[in-house]
Every structure is written in C-alpha cells, then in structure tokens.
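>
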Amino acid sequence: MARGRIMRRGLGATIVGGLLIALAGCSREGQQSILNPQGERAEAVNGLWELMLWIGVIVWVIVSVVLVVALVRRRRAREERARNEGADPDADATANGRRAIWIVGIAGAIVPGLVIAGVTVASTLVTRDIDPAQAGETPTVEVIGHQYWWEVVYPEDDVVSANEIHIPVGERVRVEVTSDDVIHSFWVPELSGKMDMIPGRTNALWLHADEPGLYWGQCAEFCGLQHALMRIVVVAHEAEEYESWLEARQEPAEWTPGDEESEEVAFGREVFMSSSCVYCHTIEGTAANATIGPDLTHIASRETLAAGILPNTRGDLAGWILDPQSIKPGNKMPGTDLEGEELQALLTYLESLE
Amino acid sequence: MTSTSHIEPKEAHSQTWDNAPGARGFFSAVQHKNVGMRYMVTAFLLFLVGGVLSLLMRLQLAQSENDFLEPDTYNELFTMHGTTMMFLFAVPFLEGLASYLLPLMIGSRDLPFPRYNAFNYWCYLLGGIILYSSYIFAMVPDAGWFAYVPLSGPEFSDKAMDFWLFGLTLAEIAAVGAAIEIGVAVLRTRAPGMSLNRMPIFAWTMLAVSFTIIVAFIPLIVASVLLELDRTIGTAFFDTQSGGNPLLWQHLFWIFGHPEVYVMFLPGAAIISHVIPVHARHPLVAYPLVVVALATTAVMSLGLWVHHMYSVGLPSITLSFFTASSMAITLASGLQVFAWLATLWLGRARFTVPMMFAIGFIVTFVAGGITGVMVASVAFDQQVHDTYFVVAHFHYVLIGGMLFPVFAGLHHWWSKFTGKLYSTIAGHVSFWLIFVGFHTTFFPMHLTGLWGMPRRVYTYERELGLDFVNLLSTIGAFVLAAGVLVLTLNFVRSWFWGRPAPQDPWHGDSLEWVADSPAPSENWPAIPVVASRTPGWNPAPDDHPYAEPVREAFEHQPKEFRASPMTTVVSGEPDGAVLMPSPTLWPLVSPVGLAVIAVAMLTQWYPLSFLGILIAVVGLAGWAWRNESEFARNDLSPLAGRFPFEARGSRSIGWWAASSAAIVAVIAVATLAFSALYLQVNAAVWPVGGMVDNTLAFVAVTIALLVAAVATGWGSRRSGDVEWGTVTPGVRTAHLTTAVIALVAGAAALLLVCLVWFGGDIDPSEHAYQSSVWTLLATQSLVTLAALFGTGIAVMGRLRHRRDSRPGMLLRYSSIFWAATVATWLLTWATIDLFPRLVI
C-alpha cells in the first residue's frame, strides 16, 4: 500500500490542496462576497455552506483515494499472481458478485443516503430560519425593478428613491420586490440570498445588517442589454440615524417659498423644467412628476448615479447628463446638448437636492 | 418457403445495403451508420463553433471593465453558446452516437425506422442552419438559452428570438423523433437471445433516455409554440395584463431543462460503463444496480425542475420537496460511481486514452455532483443561483459528465467508426491539455461566484475584486481549447491518413466488437445470437437453440431487400422480421417544407408558408407511397417460414411507430392542458370574455372521433392474424368501408372543431383563457388532420395491396392514432369547459 499512499499524496492532495489554497485566498475578496456575511440571513447560509464544503471535500477525497488505489493496486497484484482474463457470464449470481453488489450499494447509496439526509435536514432548518415570514413587524421597503435601475419606495413613510436602500441596523427589514418590465433579481450577497422580481407578482425577503455600512448588490437575473450594470447599494444606519434620514426624505429638498436660494439654483431649475428631463423624472415640490426614470427629489444625497455604476460627483453627473448612452448603452435616458452655463446651473440645482 | 441453408455469395446480400453512388446516394442514404455519422460530425462542428463563442466571452471577461466586446455582442455570444451546446451539440451528438452504435451493440442491421432517422437528421440540420442564419441577418438571439419571458416576449425582443424559436423547434422535433427511434430499437430489434438482463448498459441507458426525451422535450416544443403565438398573433400566455403568467414559461422550460441534463449525463455515464470494463479487463460490477440507478435517474429527473426556480418566490413546502428530490437523485449517481470504482478495483486498468478520459470523468463529475448537492439546498442556492458558482457546477457536470465520456467514447470506438488508429501520444497530450485546461477554467469560477459575480454579465467592476480569478479562467479556457484542437487534429489525421486498425483493438466485451471495423453496410452478414452479457468475451455456443433458425433466415439474406430480426421485449426471443426501408430522397422533402414554413414566418411573407405546408404534405404522402411500394414489390412471406414481417398487434414494428405518434400527440395536448390549468389557478379571474361551452358540439365531436377509432379498429380485426398472402373474400370491402366511415366521421369531427374554433368569436389576444381555447382547438384540428392522413394511407395501402395482412395492419395503426385523437379531445374539452367550472 505504500505506493498507494504516494499516489494519494500526489493526485488527491494536489487538487484538494489547490482548493484550500484558493479558499485561503478569500481575504482577497471584494465588494459583494457571499463568504463575507454581514447580516443574519447571509450568516445562516454561510454556516450551511461551510458545513457542506467540508462534507464535500471529505467525500471527494475519499472517492479519489479509492480511485487511485483501485488503479494502482491491481497492477501490483498482477506481478504477484496471474489472473485469468475473461468474464463470468453470470457474474451477479456468484458469491463474489453478490458481495460486490452489496459493497457498491452500501458505499454508493446507503452511506451517501445518510449524509444526504443530514444535509437535507440542515438545509431545511436554514431555509426555515431565513423564510420571508420570519421578518416580523418591521419596516417594509418596496423595490421595483426597471431596465436597468431600481425604484425604492417606503410606503409607510411616503418616500420614493432609487438604486439605494437605507435600513436600520439590527432589524429585519421586510423587502417586497416586483418588476415593472422584465424579470430582475434582487441580490445583496453580504446580507441575503436573491429573490426574483417578476412582473405581476410580489415576492418578499428580509434584510438584516449587523453593522452600519455600505453593502453592494446587483441584478442577478439577466434582464437585457445592461444587466451587467444594474447595481444597488444598501446603506445600514444606526437606528436614530435611520430615523433622521427618513424624516429628511419626507420633505421635499426642493426650495419652498421664502427660502433663500442662489440665482444659479433657480436658473438650474428653469433649465430642468424646460428641457426633456421633466418627461421622465420626478422632483417633489415641482411640476416634474413623471415616473419613467428614477425619482430625483433627493438625488444629491445618494451615493451613486446610474444604478450604482458612477460615484455621485459633479463631474460624473455632468458626464451622465450629456452622454448617458456611452456610459451605459441601451439605457432609456437620451443625451442632451446643454452647454456651459446651462449645464453648470443644472448641476448646481441637482446638487442642491439633498 | 422452406429451408435454403446453402450460402449464397456474400455480394448479393450486401449490395441491397449499399448506397447509390454520387450526390443522389449521399442525400438518399438512410442507414443508421450514415445518419449517425452525420449527426456526430454536424454536432461536433457545432461544438467547435460553440467553443469559439465561449473563447470570445472569456477574452472579454479576462479583466474588469474590458471593452473588447460590445454588450449586445456579449449577450448574443452567451445565448448562442448555451443554445448551441445544449440543443445543437450535446443531445444530437449523443443521439447520433446511439444511432451509430446501438444496432451494432444489439445485433441489428439498422434502426427500426431508418427513413424517419434521416428525416430527423435533416430537421436538426435545417434547425441549426436557421438558428445560425441569424448571423447573416444580424439578428442574433440575445435573450439567453433559457429565453425567459417577458424579456424574450413581443415587447422586449426583436425578430432575433424568432430565429431561436424556429431553429430550436426543428431541432427538438428531431430530438423527439430520434428518441422514438432509439426506444423502439432497444425494445424490439435486439439480437436473438439478448434478454433484458443481457442488454449492454448503453442500450439500457438510451432506452431510459428516450423515455425521458419523449416526456420532457415535448413541453419545450409546446412552450416554444406558445411563445411564438404570443409574439406573432398576440396570444396572452405569458402576458400578466391578460391572465398570462411569466412563470408558466419557466415551469415548461425547466420541465424540459432539468431532464435534459440527465439526457446528456446518462449516456455519458453509459459510455463510462463500457469504457471502464474493457480497459480494466473486468465485467462491470453490480450491473443490476447500475440499471436500477439509471432507470431511477431517468424517472426522477422529471420531478426536479423547480430547483432551477428556487428564487422565484414559491412556498417553502414546495421548495422543501424539491430540495429532497434533488438531493436524493445524487444517490443514483453515487451507485454508478461506486460500480465503476469496484470494477477498477477488481480489474487491471490499462492507461489508454479512453481510460484517461474515464478517470478524468470520475474526479470531475464527483466534484460536480458535490456542488450539485450544495445547490439543491434552497438556502444556499438563493445565494449562488445565477452566479458563476452555478456556471462552475454545471460545467463540471456537463463537461465532466458528458464531454469527457464522449471523448472517452470517441477514442474507444474510433476504430469501430473509421477502421483507423489514432496517435496515442497525441491522444494523451489532448487529454492532459483538456483536463488541466478544464480545471483551470472552471475551478476558479466557484470562487468567482462566491465572491459575487452574477452570470450573463458582459463586464464587472474592478471593486468586485474578481480580476485574478477571471484571468485564470480565461487562460484555462485557451488551454482547454488547445486540447480540443489537438484532439480534433488527431482524429482528422487518423481518419484520412491513419493506419488501419485491427477489428477489435481492445478485446471488447460487447457485441459491436464482434462486428468488423468499420462494420460492412449491413453490419451483420450473419445475425449474431447472444447468450451472455459479454458476447465479445463469451460468445453463444454454435448449438444455441436460436442459432440454426436465425442462420437459416438471416445469414446473407434476404437478398432482394433489407431486413433484420425482431425479438421479444423481455427475453429477446426471435419473434419476426422487420423490413428495413431502403435509401430514398423522400425523408428530405418534408424537413425542407418545415424549413420553408419557418422562413415564411421569419420573413413574415405568409403566402410562402402555404408552399411550405404543400412541400411538407407532399413529402409525407410520397414517403408513405414509397413505403407501400416496397411492401407491394417484395416477397414478404415469413423468412425461413417462421419470422413474419406482417403480424398482428405489437408484433409489427409499425404498431410501435403508431403508438409512439399517439403518445407524442397526447403528451403535447396534455402539456397545453396543464398550461391552461396553471394559468387558471394563478389568474385572478377565469375565464374572461365568455366561456366556450358548446356542449352539443363537444359531445358530437367525441362521438365522431370514437366512431372513427372503433371503425378502424374493427376493420383491422377482420384480417386478424391472417397468413401473408391470404385474400379472404369480404375483407377488402370491410377494410374500405370502415376506412371510409372513419374518414367521414373524422372529417365531421374536424368540421365541428373548426366551427367552434372560428364560429365562437374567440379572440386569442383578449385573455389567456381565450388564447388557451384557441390553441387547443387549433391543435385538436391538427391532430385530427393527422389522423385523417393516417386513414388515407390505410386506404391507399388497401387499394395497392391484394393481400389482406398489410392493409389490416395499416388500419390498426390508424385506429391507434384515432384513439389518441379521442384522448386529446377529452383533454381539450376538459380544459376549455370543465376545469373553468370545477376548479376555482
């Protein structure tokens, strides 16, 4: 068996070693890793994954070891004794044949059956723990998929936003998802598995974050040309911070009579209202109330532009307004030919919408 | 006919099996080796094309935010890659392999319906051409190989999806046809003495797989038709505004799609069950368990489809059920793995090229099976579903579980196919390149997925930290491609310039190794008799009870036409003979007609579709005429006086064809009925726009169809078990009378159905209920037309044949199909009238 052991170390260890080294590289992971769970839902699943990973590695190593030994063993045996070639036509009926059937049945079905049953139970328990019904009496957020952005609604608080979900930490926030056009899928790996957003149907999940922070996600069901660039970010706040964020969202950021505002902002609003912007966007407190594109009432307070693909800076906003089709070809926003002063005023106006 | 046991010169018999020379010979060839080879060559070329598409994708993904490809190009590439590999490579290749190998393995001279086999190949080829012609018109499908609605529907996809739907439907018609062919071949045309328990694993597997294909692929054809109707005439099957439901598509697609995985894997496993025993020089251990495992897999595979839909928001209880079944099916695969391990353990392995691929298969497939158990878990799958983890998983299962075995099988049977030897060194080089390239490509993808990369994205942002793993995959893909290139060149070189191979280079156990390499046109100048599971190692003794009669009937004969023995289903007892049709151009005509219809739909130049229908019908009619000519021309008295060509019931091969056609029709309509019921259960209101409830007409249709079925059945019984050549007074009149009664009753039923269809003010675009009614009535009309066509053939046969036996058989086939029309009609009636009353 000595040679068997060498072979074992050779083939089996190399491949499994590769697996482990690769997994050790997990520290290199980036923004949205399943292996970096940051909330109850994702943590439960991660525990299941680790269990299944180790069972899987053990099973694979056992099979590979048996395979290698089977391949090597008989060749040694051949040196010792010659065996008749040929086959017994009724091999199953012999004592050896029956024994082989038993061994194959036990190793191939009965033992794996017990393991599989265990994994099934473990999986079912986790599935129960993360069931949408486990959300409880918590704030509800509605997310509606559009090609290629996310509409975010807080129905109880009358707040509408886009591409960004704010939640309080430590709470299970119920999220109801649906779609306005094709099927999308809502997925923020560090917090939760995905849930499809299907037109004519409302699905639910819940989000829970342990710590305040930004959690990235993206559309996980192919939804057309720009499926790749449909990202979302979940912002988790401490409870009081979340409340104040919500309150701020409830009032229009838009200037109300009597407020001070710069001339440039006023001019910017004029540019907005007199250009094609109003056909698609809403800004609460103004005449702009179209719903084809994202709600811009508080755009200046968002982290990103264009569904998570641009940082929300003045330069990126300008680039997006002028030529969105080169940044994200196929999205529904047409380019504009605004120039110098008009563009600057529009940017200033939008940046004022905190 | 009495005993004529002296041996004629071989040539006279062989010549009846040769193809005509030149182009005519090429297009008219129908023998299984010709058709099987065409399937394999075509599918392999498409595999290379699909591979190139994936290399382009890998180049684009080699680094983050790459702009090598435009987004639309990338979306087209992954759509065509998946579509090509699944629909145009994997299944057709395996069916081609089965076409080629099965008759050699089970000792037959051809498949039971050679012309139908050719018909299926042409359908497949034309389907592939239609799909790829989308590149010429720059309208390449881009909604993914799974074509989820609404993205693939009328609102969000352009003409490109029509190329996909028509191309695929033609290819799937071929797949179902090939399944019927293969299933009947395994059941009825095995060598005398090859009882079920002596059947090679490959035959068992293809039998199980053909069952799965017939049950599972028809729903895809139906789904494609429904989507095409939504896209062209505006039905509402998938339109949420009018009672439709996008999840219906997913259910139908995965009822097909999951069994499809096993349709690819099971034959792969079967190849391994042949390669390992031969190259380990030991019979397969635990043969009965392997058979139980593969049969269980084939049946269970029909009950797992929802595990592709874990994130669509189904109730927990449903999900738990499908988790359990998805987990359990792995046990059947576990059994097979340990049967192979035990065979290796007890045998003495030779490290040949096929064996290397078999070993590569085991380590790879087991890994894919383990990740399969993982994704069977709802909770875990909701994380990794539609990520690269799943991409890794199914490439482990499909490349590991199907492609490695196919490569093992190609190297194993190469000398059988070509009579040539390949370079063993090049074979080993290709194996290591493919094996290392594969794992370098797909192992990192597990991590790519776990680190958050969804599938079907043309780019990813640098912040995701996925550059390294993706680059690794891209490098691996090119190593893998290099391996495939070496393999291809090795085969091409061998085929044209290789050294001749011995007849049995491996000392194989199964029957195909007893035949010459390559086998002569008729495969078996003398039909072999089988007395063990390993006829290559333990041939039947010369004094086997079947040996003498089989030799007498089939050794170098018959000489005037093609024939092969027919045996009983369970014990493989010689039972009769099958007339194997000769080469003809007719099977090429109807596929061309179907393709013309597709072109008419694609160009929206609808008058052209009438031409297509005409060509298709003329093709079928000419084909039937030609068939009867052969039955009229040849002396089909029982061979050696004891193997009849024309016998009653299931002892004639046509009975199996008619029954298969009946099953196909019933499954298709049952799928439609299921779809309507699903929509009904999930719709807020049903029906909308007035129910179609013309009870009088419905009862009348039922009675008329029953009359047709009973009349033809009764007519065929009049000629019961008559001897070949018998002419009994009065039988001819009885045949003709009952056929005419069936034609009149059937025509009346058709008329009534059409009256309800067009007279009932049914607007298919108003609501899904109306769409369902419209489609069911249209389908019932088509099925009834087909039944009328069948009775027409019986009439034609009656007028052409003097003897009573053949026309009686034709009437019997016709009666079987009329029975199917009764079943489809009852389903239709229930769906449009009864369910809406009974079910909420």
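Chains as they are written, first to last, in my numbering: chain A, 883 to 1236; chain B, 3 to 842.
Beta carbons: idealized from backbone N, C-alpha and C, even for Gly.
Just so it is clear, the structure is predicted and the values come from calculations on it, not from any experiment.
Taking C-beta to C-beta, are B/GLY643 and B/ILE615 nearer than 9 Å?
Not closer than 9 Å, so no.
> For A/ILE1114, which option in A/TYR1036, A/GLN1207 and A/ILE1191 has the closest C-alpha, if you only look at C-alpha atoms?
Among A/TYR1036, A/GLN1207 and A/ILE1191, the Cα nearest to that of A/ILE1114 belongs to A/ILE1191.
> By the criterion of Cβ-Cβ separation under 8 Å, what are the contact partners of B/LEU153 in chain A?
Within 8 Å Cβ-Cβ: VAL1064, ILE1065, PHE1104, CYS1105 and GLY1106.
> Output the boundary residues of the alpha helix (DSSP H) element that contains B/HIS803.
Element bounds for B/HIS803: n/a, residue is neither H nor E.
> Would you mind reading off the limits of the beta strand (DSSP E) that contains B/ASP577?
Taken as a continuous stretch (DSSP letters only), the beta strand (DSSP E) holding B/ASP577 covers 576–582.
> Can you name, in chain order, every residue of its own chain whose Cβ lies under 7 Å from the Cβ of A/GLU962, other than the five neighbours on each side?
At A/GLU962 the pLDDT is 45, less than 50, meaning the model places this residue with poor confidence; the figure from the coordinates comes in the next sentence. Excluding sequence neighbours, A/GLU962 sits near nothing in its chain.
> Rounded to whole angstroms, how far is the Cβ of B/HIS395 from the Cβ of B/THR373, which I believe are closer than 8 Å?
About 4 Å; that satisfies the 8 Å criterion.
> State buried or exposed for B/PHE353, treating a residue as buried only when at least 16 other CB atoms are found within 10 Å of its CB.
Classification for B/PHE353: exposed.
> Tell me the DSSP bridge mates of B/ARG564?
Partner(s): B/MET582.
> Specify the secondary structure class of B/MET421 as computed by DSSP and reduced to three states.
Residue identity check: residue 421 of chain B is Gly in the sequence provided, not Met. Here B/GLY421 sits in coil by DSSP.
> Can you pull the chain A neighbours of B/VAL375, defined as C-beta to C-beta under 8 Å?
The answer, in chain order, is MET934, GLY938, ILE998 and VAL1001.
> Going by the beta-carbon positions, is the gap between B/VAL380 and B/ILE436 smaller than 9 Å?
No, the pair does not count as a contact, with Cβ atoms beyond the cut-off.
> Closest by CA to B/ASP545, which one among B/HIS558, B/PRO530 and B/THR536?
Selected option, being the one with the closest Cα: B/PRO530.
> Counting only the same chain and skipping the five closest in sequence on each side, list residues whose C-beta sits under 7 Å from that of B/THR332.
Answer for B/THR332: GLY371, GLY374 and VAL375, listed in chain order.
> Return helix, strand or coil for B/SER7, following the three-state DSSP convention.
Because B/SER7 carries a pLDDT of 42, less than 50, the predicted location of this residue cannot be relied on, and no value is offered for it.
> Apart from the five residues on each side of it in sequence, which residues of its chain come closer than 7 Å, Cβ to Cβ, to A/GLU1233?
So the list reads ALA1182 and ARG1196, once near-sequence residues are dropped.
> Mind listing, in chain order, the continuous alpha helix (DSSP H) runs of no fewer than 4 residues lying wholly within the segment 77–142 of chain B?
Listed in chain order, the complete alpha helix (DSSP H) runs (minimum 4 residues) inside the segment 77–142 of chain B are 93–108 and 116–135.
> For A/ASP1078, which of helix, strand or coil comes out of DSSP?
Strand.
> How should B/PHE28 be labelled, buried or exposed, when 16 other C-beta atoms within 10 angstroms of its C-beta is the threshold for buried?
Exposed: under 16 other Cβ atoms inside 10 Å.
> Given a cut-off of 9 Å on the beta-carbon distance, is the pair B/ALA659 and B/TYR118 in contact?
Yes, the pair counts as a contact, with Cβ atoms nearer than the cut-off.
> Assign B/THR730 to buried or exposed, taking buried as 16 or more other Cβ atoms, counted over all protein chains shown, within 10 Å of its Cβ.
Exposed, by the Cβ-count rule.
> If you run the structure through DSSP and keep just helix, strand and coil, what is B/PHE645?
Three-state DSSP puts B/PHE645 in a strand.
> What in chain B is Cβ-close to A/ASN1085, meaning under 7 Å?
GLY315, listed in chain order.
> Tell me the DSSP secondary structure of A/ARG1113 in three-state form.
A/ARG1113: strand per DSSP, three-state reduction.
> Hey, B/ILE669 and B/ILE220: beta-carbon distance below 9 Å or not?
Closer than 9 Å, so yes.
> Decide yes or no for the touch test of the segment 38–48 of chain B against the segment 440–458 of chain B: beta carbon pairs closer than 8 Å, at least 3 of them.
The segment 38–48 of chain B, when compared against the segment 440–458 of chain B, does not touch it at the 8 Å Cβ threshold.
> Cα separation between B/VAL601 and B/LEU167?
Approximately 12 Å, taken between the alpha carbons.
> Using a beta-carbon distance below 9 Å, is B/ILE273 in contact with chain A?
Judged by the 9 Å Cβ criterion, B/ILE273 is not in contact with chain A.
> Along the chain, where does the beta strand (DSSP E) that runs through A/THR1060 open and close?
First-last of the beta strand (DSSP E) with A/THR1060: 1055–1061.
> Where do the ends of the alpha helix (DSSP H) carrying A/ALA1015 lie?
Unbroken run through A/ALA1015: none, as it is neither H nor E.
> Taking the alpha carbon of A/GLY938 as the point to measure from, which residue in B/ILE795, B/HIS558 and B/PHE367 has its own alpha carbon closest?
Residue B/PHE367 is the option with its Cα nearest to A/GLY938.
> Can at least three beta-carbon pairs, one atom from the segment 1100–1109 of chain A and one from the segment 278–293 of chain B, be found at a separation below 8 Å?
Cβ pair count under 8 Å is below three, so no.
> What does a CB cutoff of less than 8 Å around B/LYS422 pick up in its chain, not counting 5 residues either side in sequence?
If we look at B/LYS422 and ignore the five residues flanking it on each side, its Cβ neighbours are TRP416, SER496, TRP497, GLY500, ARG501, PRO502 and ALA503.
> Give the DSSP-derived three-state secondary structure of B/ASN629 in the structure shown.
Residue state, collapsed to three classes: helix.
> Count the other C-beta atoms from every protein chain shown that fall within 10 angstroms of the C-beta of B/GLN606, then say buried if there are 16 or more, exposed otherwise.
Per the 10 Å Cβ criterion, exposed.
> Jot down the residue ranges of each uninterrupted alpha helix (DSSP H) in the segment 504–575 of chain B, minimum 4 residues, whole runs only, in chain order.
DSSP runs (the alpha helix (DSSP H)) wholly in the segment 504–575 of chain B: 549–556.
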